[in-house]
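Going line by line, the protein sequences match chains A, B and C.
Counting in the working numbering, the first sequence tops out at residue 562, every number present.
Counting in the working numbering, the second sequence tops out at residue 446, every number present.
Counting in the working numbering, the third sequence tops out at residue 316, every number present.
Glycine residues also receive a C-beta, built at the ideal position from the N, C-alpha and C atoms.
On a predicted model such as this, the values are computed, not experimentally measured, just so you know.
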Amino acid sequence: MSVATATPQATSGKTTYLNHDKSIRSWLLTLDHKRIGLLYLSTIVVVFLAAGILALLVRIELLAPGRTIVDAQTYNQFFSLHGILMVFLVIVPSVPAILGNFIMPLHIGAIDVAFPRLNLASYYIFMVGGVLVVIAMVVGQIDTGWTFYTPYSSRLGAPVIFMTLAVFIAGFSSILTGMNFIVTIHKMRAPGLTWNRLPLFVWSIYATSIVQVLATPVIGITMLLLLLEKTLGIGIFDPAMGGDPILFQHFFWFYSHPAVYIMILPAFGIISELMGVFSRQEVMGYKFVALSSVAIAFLGFLVWGHHMFVSGQSTVSSVVFSLITYLIGIPTGVKVINWVGTMYKGSVSLKTPMLYALSFLFLFTIGGLTGVMLGVLGVDVHLHDTYFVVAHFHYVMMGGTIVALIGGLYYWWPKITGKLYNETLGRIGCLLVFVGFNTTFFTQFVLGSQGMPRRYYDYAEKYADLHALSTYGSWILAVGLFVALYTFIQSLMRGAPAPANPWGGASLEWTHTTSPPSPHNFEEQPIVTHGPYDYHHFYAGDGQSVEAELASRSEA
Amino acid sequence: MSTAKAAHPKLQHHFVSMEQQFDASKFGMWLFLVTEILLFSGMFVAYTVYRVWHPEVFEALSTALDWRLGGVNTLVLLASSFTVALSIHHIQNDNQRAMVINILLTILFAGVFMFIKYLEYSGKFSHGVFPGEAYAPFGDHYGHYADVPYAPQFFSIYFVMTGIHGVHVLIGMGVFAWIAIKGSQGLFSSEYYTPVELTGLYWHLVDIIWIFLFPLLYLI
Amino acid sequence: MGDKGTFWLPESASTVSGDVDSLFYLVTWISVVIFVLVVAAMVYFMMRYRRHHAGQVGAPAHESKWFEMSTVVVSTILVLIVFTWGFRVYLKLNIAPPGAYEIQVTASQWKWDYTYPDGTVYAGDLHVPADKPVRLVMNSIDVLHSFFVPQFRVKQDVLPNRYSSVWFEATRADTFDVYCTEYCGNQHSGMLGQVIAHPQEEFEEWLASAGGGGLSPEEYGERLFGQNNCNTCHSIDGTRLVGPTMQGLFGSQRQLVSGESVEADENYLLSSIVAPAAQVVEGYPPAMPPSYGSLPQDQLDALVAYIKSVQ
Numbered sequence: 007m008s009v010a011t012a013t014p015q016a017t018s019g020k021t022t023y024l025n026h027d028k029s030i031r032s033w034l035l036t037l038d039h040k041r042i043g044l045l046y047l048s049t050i051v052v053v054f055l056a057a058g059i060l061a062l063l064v065r066i067e068l069l070a071p072g073r074t075i076v077d078a079q080t081y082n083q084f085f086s087l088h089g090i091l092m093v094f095l096v097i098v099p100s101v102p103a104i105l106g107n108f109i110m111p112l113h114i115g116a117i118d119v120a121f122p123r124l125n126l127a128s129y130y131i132f133m134v135g136g137v138l139v140v141i142a143m144v145v146g147q148i149d150t151g152w153t154f155y156t157p158y159s160s161r162l163g164a165p166v167i168f169m170t171l172a173v174f175i176a177g178f179s180s181i182l183t184g185m186n187f188i189v190t191i192h193k194m195r196a197p198g199l200t201w202n203r204l205p206l207f208v209w210s211i212y213a214t215s216i217v218q219v220l221a222t223p224v225i226g227i228t229m230l231l232l233l234l235e236k237t238l239g240i241g242i243f244d245p246a247m248g249g250d251p252i253l254f255q256h257f258f259w260f261y262s263h264p265a266v267y268i269m270i271l272p273a274f275g276i277i278s279e280l281m282g283v284f285s286r287q288e289v290m291g292y293k294f295v296a297l298s299s300v301a302i303a304f305l306g307f308l309v310w311g312h313h314m315f316v317s318g319q320s321t322v323s324s325v326v327f328s329l330i331t332y333l334i335g336i337p338t339g340v341k342v343i344n345w346v347g348t349m350y351k352g353s354v355s356l357k358t359p360m361l362y363a364l365s366f367l368f369l370f371t372i373g374g375l376t377g378v379m380l381g382v383l384g385v386d387v388h389l390h391d392t393y394f395v396v397a398h399f400h401y402v403m404m405g406g407t408i409v410a411l412i413g414g415l416y417y418w419w420p421k422i423t424g425k426l427y428n429e430t431l432g433r434i435g436c437l438l439v440f441v442g443f444n445t446t447f448f449t450q451f452v453l454g455s456q457g458m459p460r461r462y463y464d465y466a467e468k469y470a471d472l473h474a475l476s477t478y479g480s481w482i483l484a485v486g487l488f489v490a491l492y493t494f495i496q497s498l499m500r501g502a503p504a505p506a507n508p509w510g511g512a513s514l515e516w517t518h519t520t521s522p523p524s525p526h527n528f529e530e531q532p533i534v535t536h537g538p539y540d541y542h543h544f545y546a547g548d549g550q551s552v553e554a555e556l557a558s559r560s561e562a
Numbered sequence: 227m228s229t230a231k232a233a234h235p236k237l238q239h240h241f242v243s244m245e246q247q248f249d250a251s252k253f254g255m256w257l258f259l260v261t262e263i264l265l266f267s268g269m270f271v272a273y274t275v276y277r278v279w280h281p282e283v284f285e286a287l288s289t290a291l292d293w294r295l296g297g298v299n300t301l302v303l304l305a306s307s308f309t310v311a312l313s314i315h316h317i318q319n320d321n322q323r324a325m326v327i328n329i330l331l332t333i334l335f336a337g338v339f340m341f342i343k344y345l346e347y348s349g350k351f352s353h354g355v356f357p358g359e360a361y362a363p364f365g366d367h368y369g370h371y372a373d374v375p376y377a378p379q380f381f382s383i384y385f386v387m388t389g390i391h392g393v394h395v396l397i398g399m400g401v402f403a404w405i406a407i408k409g410s411q412g413l414f415s416s417e418y419y420t421p422v423e424l425t426g427l428y429w430h431l432v433d434i435i436w437i438f439l440f441p442l443l444y445l446i
Numbered sequence: 006m007g008d009k010g011t012f013w014l015p016e017s018a019s020t021v022s023g024d025v026d027s028l029f030y031l032v033t034w035i036s037v038v039i040f041v042l043v044v045a046a047m048v049y050f051m052m053r054y055r056r057h058h059a060g061q062v063g064a065p066a067h068e069s070k071w072f073e074m075s076t077v078v079v080s081t082i083l084v085l086i087v088f089t090w091g092f093r094v095y096l097k098l099n100i101a102p103p104g105a106y107e108i109q110v111t112a113s114q115w116k117w118d119y120t121y122p123d124g125t126v127y128a129g130d131l132h133v134p135a136d137k138p139v140r141l142v143m144n145s146i147d148v149l150h151s152f153f154v155p156q157f158r159v160k161q162d163v164l165p166n167r168y169s170s171v172w173f174e175a176t177r178a179d180t181f182d183v184y185c186t187e188y189c190g191n192q193h194s195g196m197l198g199q200v201i202a203h204p205q206e207e208f209e210e211w212l213a214s215a216g217g218g219g220l221s222p223e224e225y226g227e228r229l230f231g232q233n234n235c236n237t238c239h240s241i242d243g244t245r246l247v248g249p250t251m252q253g254l255f256g257s258q259r260q261l262v263s264g265e266s267v268e269a270d271e272n273y274l275l276s277s278i279v280a281p282a283a284q285v286v287e288g289y290p291p292a293m294p295p296s297y298g299s300l301p302q303d304q305l306d307a308l309v310a311y312i313k314s315v316q
């Protein structure tokens, strides 16, 4: 069955993907999925910091009513850029492009993704999108919000052209990555790795890739039409030329709602891994969790209209969209129960990644429940376009995806870098993020239900206390994120070398590769004989210490 | 899995066998075609929406397009799809010469298609029928559309849809040219003809999209 | 003001807001119960099954199909109840009672204009009769806007190419907030107003005098200056806002970006309101929307008279 493709000296862990060739060129032109993952990581961290600083500026401006630090025009640009950068250049690509690239091939026992060159091309296409965003920022003022609603956006000049082009091009990167991953998961699995033995992270990446492939072309054509509208004036969306702005909203949300699942499904995968490993327990309802990701991916295409209950679409469509929205809510809710249930009779270890996973459960439950509230037709009319919505999607996107991403980075950090990080610092960072996040955004639920509209530069005196509290929270959150960043940097500089399997994981990246992995991942083709969370199989010798077990494993 | 370690030079290191590599590439191409269909479906939706809102305008304006030119183009593209299929058939039988000839024929048909498209476009431009704001028709056959409401939308949709389709034809011609050159150098064989097969799939899709565009724009 | 509202919701002042609130609280409390259960289970498991030594593995746990099924069934039932209720409230919000008092609303950057059945055009605040259903038929002359009155729990986007409508019935005579909730540009957060609900007779008296009868042109202009939100961009005390101040404007020499210099006479003032992009003063962005050109002539005259008087 298996074919030996081993490089002989690798058992000592001396030749790794990080040090086998150290030239800049070898990094920039690498075809190695692990290095490409790191290229994405470094780029996305930079964009995340920039967009995060914008968010802090927005919050500082909102510290008190009236002008605090900038004028309305600048404020409008700040929140627009924050949204565009975070959505299109951070959250959409983040988990699939960073951890999907790095971990997924390891998870399935492959040497690389199916199309390594395409993978590198995706990265550079993504970079072109990023450069266009920078150009758009330099040539002028983008104050459309991240949704580019027409006809407001069709009235602005060149910057919108660059920005829509940027989203169009970054979309291609997303499509190509999705295609690459689907083919990889279908065709490159190690012998014995049946669909029922796939780690849930791979399932979630698979579901995400389906959405990327099916939804992204639509935003592509939407942005292209918007672009032609700007340059030629084709009059599809702008009522001044006979077009229809509601049509734009349909097109936009037909992508952007599934895009929400592009953003959250991979996070589900990370959480499944973390709950399993740090509870040393089979993930409860494996099949349900795996297949519901795929089901959510498809259902996600049918609910875009719930963003438009008060936009002027027909009442019938609103009713249908509301009902389907609930259909998605149910499997998502059962997933949360499964994750919590995974700890039942487990062996729970509260390491930093697990703390992030538990934070995720706390925050995502709030985000999900408020999402259901927003899906209730009569209630949404009041809450739509208020801070309630802002708080809801930050709970899902930041409290969900970003928190899961940080948890995943801590979890796989020893594998990625070969270094251990400082556990105390990691936990302090997590605590600060948790407290800061809730202070910042829970207040916004109250602001929103009290009627505070979103995207407001100035606001009435009665909202001032809650706004100030929210701003203070954002400072705690920022400190927490910087502690996390510091933990990673400190680990890079001074971290102790990591063993191959520091957590006692049972999936291939822990059991069959060194930390960090060799350039070709595996010393020999792994053959899979058990499920990814089969810790009982893994620790078959009861009473044997885990260290001894690990040692015997990593020598094998 | 096959242990054919006397590997074909085109076998990449991360694949186990040529079969796996071919399967993966073909699967990837199918996915790409799905994204292409969705890209066009966005435009078909825009077309449908405007047609439902203003059926009389679209019905009247479809006569502004010459169905004879469109019909000839349909036949030309169908012929080119046929020659592509032949070229794949020949390379599977290691007949490299016949493959290259059929690829060249395909490029020729694509060229005819683009030439007719050029005639149609220039005929419209010379009467002021432009996409978007520049729309200002005059002269016989087009002049009386000047004040028809939503006529600019019809022509915009026409130009955008056929324009993006035309770009796809041009890209296909470029790839076929590359295949013809490489094929005449003997790169392909029944062992390895992935690029021919994949470009063929792509070409069939381009053809199918035209088969939808033609009746929707020219006939009804 | 009557009741001050609760922690979550502002005061409730329309015939539909009570229904919306009950639904809101129902969903909120269901959510709170679910949330508390999830977090309690999480914390309990976290403590109860804490790992005590490094090699410890979880004990085999039986998955209860019955438990999973029951969560699905219970949540489906809850969801259907909430959906049905939400649907009924939504219908009530959407269908105006027959015979509602109709007011035309024109939204523009960045003000609300209200046209009453008798033809009176009034900008800024919306005066309505209390205890009577009022239906607003809304349209925008530029970009998207959205009409939102938190105390009434009603909201509706306002579109440039079609009419949309919203209805409400204020349950008492009072003053309520109007917000624009669809981002519409620079002064989006300044696109505010109020709903002023009067008892029926008072409303009729107000309507009779709404056209500015009995006021001097300067007084009428001053009122319009506030109603049309001119004051969000133009100060009257010399402060620099988005646009130039009105103080001492009349009669001064204006340096234009075109390089010309003109005297700010009456014609200059009028053309700057009607066609703001034509003569842009140096040092200021051409940010003023052209929508003020649609004001009726008598209102324009009053505005010019008022601006002349600001010294």
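Per-residue burial, residue i [other beta carbons within 10 Å of its own, 16 or more giving buried]
i        : result
A/Gly549 : Legend: pLDDT at A/Gly549 = 40, less than 50; position of this residue unreliable, no value from coordinates given.
B/Lys350 : buried
A/Asp250 : buried
B/Phe341 : exposed
C/Phe12  : exposed
B/His239 : exposed
A/Gly335 : buried
A/Ala562 : For A/Ala562, the predicted model reports a pLDDT of 42, less than 50, meaning its position is unreliable; a value from the coordinates is still stated below. It is exposed - the Cβ of A/Ala562 has fewer than 16 other Cβ atoms within 10 Å.
B/Phe364 : exposed
C/Tyr297 : buried
CB-CB length for residue i against residue j, believed under 8 Å
i        : j        : result
A/Gln319 : A/Tyr393 : The pair is not a contact, with the Cβ atoms about 23 Å apart (cut-off 8 Å).
A/Gly151 : A/Gly89  : 6 Å
B/Leu295 : B/Tyr384 : Wrong, their Cβ atoms sit about 13 Å apart, outside the cutoff.
C/Ser145 : C/Glu223 : With a Cβ gap of about 31 Å, C/Ser145 and C/Glu223 do not count as contacting.
A/Ser285 : A/Thr348 : 5 Å
Listed by chain order, chain B residues near residue i by CB distance under 8 Å
i      : result
A/Met4 : The requested residue 4 of chain A does not occur in the structure, where chain A is confined to residues 7 to 562.
Contact under 8 Å by Cβ, residue i with residue j
i        : j        : result
A/Phe315 : A/Val387 : yes
C/Leu141 : C/Ser170 : yes
C/Leu149 : C/Asp162 : yes
A/Thr445 : A/Leu68  : no
A/Lys40  : A/Phe108 : yes
A/Gly177 : A/Gly226 : yes
C/Ile201 : C/Met251 : no
Contacts that residue i makes with chain B (C-beta to C-beta distance below 7 Å)
i        : result
A/Lys193 : Gln246, Asp249, Ala250 and Phe253
Contacts that residue i makes with chain A (C-beta to C-beta distance below 8 Å)
i        : result
C/Ser169 : Gly318
Where residue i meets chain C, residues with beta-carbon distance less than 9 Å
i        : result
A/Leu367 : Val43, Val44 and Met47
Where residue i meets chain C, residues with beta-carbon distance less than 7 Å
i        : result
A/Arg461 : Tyr188 and His193
Practice item. Please specify which runs of the beta strand (DSSP E), each continuous and at least 3 residues long, are wholly inside the region 191–267 of chain C, giving them in chain order. Key: Counting only runs of 3 or more, we get 198–203 and 258–260.
Practice item. Output the residue ranges of the alpha helix (DSSP H) runs that lie fully inside the region 246–294 of chain A and measure 4 residues or longer, sorted by chain position. Key: Counting whole runs of 4 or more residues, the region 246–294 of chain A contains the alpha helix (DSSP H) stretches 251–285.
Exercise for review: Would you mind listing the beta strand (DSSP E) stretches within the region 58–121 of chain A that are 3+ residues and don't spill past its ends, in chain order?
Suggested key: For the region 58–121 of chain A, not a single whole beta strand (DSSP E) run of length 3 or above is found.
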